[in-house]
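A quick write-up on the structure given underneath.
Residue numbers (our numbering), protein chains in the order written: chain A, 187 to 540; chain B, 187 to 540.
Take a look at the structure:
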């Protein structure tokens, strides 16, 4: 029996009996509009490395004071982050990361030959004193609100204080806002500033994970020039058809997003209630689609649940928190309920006996 | 009037009067089969980071003794090269590059925090003595046959000697074979060995540049594991629809490729003949779709031809050769002829007077 030690183990795993609270991807299909261009699509040539102009112009319309020139379309937010970090490279420079973190962040920082420096979140929230005490010797910080794996949305006043402090200190803010539309308690707050890099993608809002269309929106021309230069050599234009599909998504009425949020909201309420009934210690998530309860020995939980209960959950250790387990609630209500029944059994048996 | 100092200047430039011998992309459309799946395509979820299994299995069938596990599908050969170099990273390690080179190579090497070490080609060909004298302190070499910008195909016996020497010395060979199907004088020679990485893409053979589907085929498990790990964090799966279109391309009868080669062969013969008639000094290209004649002050040629004759050609300096100009012959016979008429005028006027 193979010991599970990273999320990669689960990729491609799936059968009818398996209940997956694993991967962070929507189960609902993208809006039908993104497929409607396919039958007549015939382009094939290289596009601009920076990205198609129609898509960049449509994105610019979503951000105050932005122009199409301020965007680079990338292979998902993953490449947006990779390119941003590579563009910020400087020998010995540090990047300030919250812990728990999205599991790729420390890898991304090291792959760009930068050094991660961690600070601890408190129940998924940034403590501004902790933040300001540690940030000073860093070249950049990554902010992820709404956050993965925490499901928390950072407090407005904290985000504004961070925005101001980093601006004063000349520190780059990489604001990973991929969950900005999946937020339940307030509107998203767009972090702004000359040295702010806003990352986003079509994966979460429009369920287009597999098409890998994301972007970085930057306010600094030299940074943009650098990113385009790097991408020219490392991947060239993002898949042109994916970009055209993303452009169609930008035209979908906002009603679509509202309907999605309503569904996620219901699921959030359900799984939160169920986990509380099972006496697990967790906070109520305010955005994204993750709950992050405290559990003893999370790696054992992951292995037990998979091998004995046909259920996928992720070890908090993979996200820098060895005392919690991540549940993605990207699955329908019936499956969430069945998963909670299985979890209840497990808690009464193996987990209790541990 | 803007001075032209890199190929990026020309991206997106195009009008009816402009004759472009610039960008290295086929003008002919991909086989119709790659579009036939579009009307009913409905997938949207993440795929395997390594790439779709059907596509990898189809590629494995094209290489002796390969299995689907030996391939990673990437955002074009560009990402295949970037990931390969990042996987081979080691502080201070050198990568041996031919000069002239494909213009991204030195950038790719430096972006992976490796150090390029150059050796000179002789009329576009590798001199094995030069190669073997310089390669010993390198961790890897990049071989590009058929080559860009040279259009040369390396001699069989030289490739075999390089294969043997690198195997003995434990040096990685990154064999960029993106033009392997566009070859006129002999069959392509597949470089083999435990430490050989074969890069290829669907861009040139199937004119699918904009869809960005390429791959690295490796024989070393640990290397493959590394590449997949890096790609997990930096871009995740390659666009799933692009992969499905590429899979369709693998099923296209070989007749398609033969017809393409016939067209490129005719164009090669035409442009070579015309440039010889204009008394330019060049070798006859054996593959890819470039000719690389000697010209004085190539940057001035590029600027003059663009601004005064509405013709795009590339400065050899961008490829490491300050005495030549690159012409891509990815355009139809009439345009090649018109371009040659304009070049003739230029040679008799500004160029002569220079």
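Glycine included, each C-beta is placed from N, C-alpha and C at the ideal position.
Which listed residue (447(B), 226(B), 313(B) and 214(B)) has its alpha carbon closest to that of residue 218(A): For the purposes of this step, residue 218(A) is taken as the residue at position 32 of the first chain. Out of 447(B), 226(B), 313(B) and 214(B), 226(B) has the C-alpha closest to the C-alpha of residue 218(A).
Residues of its chain near residue 381(B), where Cβ-Cβ distance is below 6 Å and the 5 sequence neighbours each way are ignored: On the second chain, position 195 is the one that residue 381(B) refers to. Same-chain partners within the cutoff: 358.
Helix, strand or coil at residue 501(A) [DSSP, three-state]: Here residue 501(A) refers to the residue found at position 315 when the first chain is read from its first residue. In this structure, residue 501(A) counts as strand in the three-state DSSP scheme.
Alpha carbon of residue 211(A) to alpha carbon of residue 395(A), nearest angstrom: Counted from its first residue, the first chain places residue 211(A) at position 25. Counted from its first residue, the first chain places residue 395(A) at position 209. Computed Cα separation, rounded: 7 Å.
Bridge partner(s) assigned by DSSP for residue 400(A): Locating residue 400(A) in the first chain gives position 214, counting from the first residue. DSSP output for residue 400(A) lists 260(A) and 387(A) as bridge partner(s).
Supposed close pair residue 429(B), residue 241(B) - CB separation, criterion 8 Å: As a first step, residue 429(B) must be located in the second chain, where it is residue number 243. As a first step, residue 241(B) must be located in the second chain, where it is residue number 55. Indeed, because the Cβ distance is near 5 Å, the residues count as touching under 8 Å.
Among 532(B), 530(B) and 501(B), the one whose alpha carbon lies nearest that of residue 194(B): Here residue 194(B) is taken as the residue at index 8 of the second chain, counted from 1. Here the closest residue by C-alpha is 501(B).
Own chain residues within Cβ distance below 8 Å of residue 273(B), not counting five before or after: On the second chain, position 87 is the one that residue 273(B) refers to. Cβ within range, chain order: 409, 412, 413 and 416.
Proximity below 8 Å, CB of residue 253(A) to CB of residue 244(A): Position 67 of the first chain, counting from 1, holds the residue named residue 253(A). Position 58 of the first chain, counting from 1, holds the residue named residue 244(A). Contact: no.
Partner residues on chain A for residue 492(B), Cβ-Cβ distance less than 8 Å: What you label residue 492(B) is simply residue 306 of the second chain in a count that begins at 1. Neighbours of residue 492(B) on chain A: none; closest Cβ ~19 Å, over 8 Å.
Rounded distance between the beta-carbons of residue 371(B) and residue 339(B), thought under 8 Å: The residue labelled residue 339(B) in the question sits at position 153 within the second chain. The residue labelled residue 371(B) in the question sits at position 185 within the second chain. Confirmed, Cβ separation roughly 6 Å.
Beta-bridge pairing of residue 308(B) - partner residues as DSSP gives them: Counting from 1 along the second chain, the entry for residue 308(B) is found at position 122. Answer by DSSP bridge pairing, in chain order: 311(B).
Residue environment, residue 251(B), which counts as buried when at least 16 other CB atoms sit within 10 Å: Indexing the second chain from 1 puts residue 251(B) at position 65. The residue is exposed, with fewer than 16 neighbouring Cβ atoms inside 10 Å.
Residue 297(A) at chain B interface by Cβ criterion, 8 Å: Residue 297(A) sits at position 111 when you count from the first residue of the first chain. Yes, residue 297(A) lies at the interface with chain B (some Cβ there is under 8 Å from its Cβ).
Neighbour flag for residue 394(B) against chain A, beta carbons, 8 Å: Position 208 of the second chain holds residue 394(B). For residue 394(B), the answer is yes, since a Cβ of chain A falls inside 8 Å of its Cβ.
Near-chain A residues of the region 201–221 of chain B (beta-carbon distance less than 8 Å), N- to C-terminal order: 209, 211, 215, 216 and 221
8 Å Cβ cutoff met for residue 196(B) and residue 209(B): Reading the second chain from its first residue, position 10 is the one you call residue 196(B). Reading the second chain from its first residue, position 23 is the one you call residue 209(B). Yes. Within cutoff.
Counted within 10 angstroms of its Cβ, other Cβ atoms place residue 283(A) as buried (16 or more) or exposed: Locating residue 283(A) in the first chain gives position 97, counting from the first residue. That one is buried.
Neighbour flag for residue 224(A) against chain B, beta carbons, 8 Å: Mapped onto the first chain, residue 224(A) falls at position 38. Taking Cβ atoms only, chain B reaches closer than 8 Å to residue 224(A), which makes this a yes.
Burial state of residue 445(B) (16 or more Cβ within 10 Å): Translated into positions along the second chain, residue 445(B) becomes position 259. Exposed, since its Cβ has fewer than 16 Cβ neighbours within 10 Å.
Interface residues of chain A facing residue 231(B) [CB-CB closer than 7 Å]: Counting from 1 along the second chain, the entry for residue 231(B) is found at position 45. What residue 231(B) touches in chain A: 211, 395 and 396.
Residue from 189(A), 202(A), 391(A) and 486(A) with nearest C-alpha to residue 447(A): For the purposes of this step, residue 447(A) is identified with residue 261 of the first chain, where counting begins at 1. It is 391(A) whose Cα lies nearest to the Cα of residue 447(A).
Reference residue 487(A), options 304(A), 533(A), 455(A) and 477(A), closest by Cα: Taking the first residue of the first chain as 1, we reach residue 487(A) at position 301. Comparing Cα-Cα distances from residue 487(A) to each of 304(A), 533(A), 455(A) and 477(A), the minimum goes to 533(A).
CB-CB length for residue 207(A) against residue 505(A), believed under 8 Å: The residue given as residue 207(A) occupies position 21 in the first chain. The residue given as residue 505(A) occupies position 319 in the first chain. Between residue 505(A) and residue 207(A) the Cβ distance is about 14 Å, and since that is not below 8 Å, they are no contact.
DSSP bridge partner residues for residue 326(A) (one or two, in chain order): For the purposes of this step, residue 326(A) is taken as the residue at position 140 of the first chain. DSSP, once it has assigned bridges, lists 281(A) and 358(A) as partnering residue 326(A).
Beta-carbon proximity check, residue 467(B) vs residue 479(B), cutoff 8 Å: For this step, residue 467(B) is matched to residue 281 along the second chain. For this step, residue 479(B) is matched to residue 293 along the second chain. Yes; because the gap between Cβ atoms is below 8 Å, this pair is in contact.
Interface flag, residue 333(B) vs chain A, CB-CB below 8 Å: On the second chain, position 147 is the one that residue 333(B) refers to. Not an interface residue.
Other residues of its chain near residue 442(B): CB distance less than 6 Å, five sequence neighbours each side excluded: Counted from its first residue, the second chain places residue 442(B) at position 256. Cβ neighbours of residue 442(B) beyond the five flanking positions: 217.
Residues near residue 235(B) in its chain [Cβ-Cβ closer than 7 Å; skip 5 each side]: As a working mapping, residue 235(B) is identified with position 49 in the second chain. Once the five neighbours on either side are set aside, the close Cβ partners of residue 235(B) are 414, 417, 418, 422 and 423.
Chain A residues whose Cβ lies nearer than 8 Å to that of residue 228(B): Locating residue 228(B) in the second chain gives position 42, where the first residue counts as 1. By Cβ distance, chain A contributes 215 and 221.
Residue 513(B) (DSSP reduced to helix, strand or coil): Numbered from its first residue, the second chain carries residue 513(B) at position 327. In the structure shown, residue 513(B) sits in a strand (DSSP, three-state: E or B).
Three-state secondary structure assigned by DSSP to residue 494(A): Indexing the first chain from 1 puts residue 494(A) at position 308. Correct three-state label for residue 494(A): helix.
Residue 449(B) - DSSP class collapsed to helix/strand/coil: Position 263 of the second chain, counted from the start, is the residue given in the question as residue 449(B). Residue 449(B): helix per DSSP, three-state reduction.
DSSP bridge partner residues for residue 467(A) (one or two, in chain order): Residue numbering aside, residue 467(A) sits at position 281 when the first chain is read from its first letter. In the DSSP output, where bridge partners are listed per residue, residue 467(A) has 480(A).
Any chain A beta carbon closer than 8 Å to residue 498(B): As a first step, residue 498(B) is located in the second chain; it is residue number 312 there, counting from the start. No, residue 498(B) lies away from the interface with chain A (no Cβ there is under 8 Å from its Cβ).
Contact set between residue 262(B) and chain A, taken where Cβ atoms lie within less than 8 Å: Counting from 1 along the second chain, the entry for residue 262(B) is found at position 76. Within chain A, the residues near residue 262(B) are 421 and 422.
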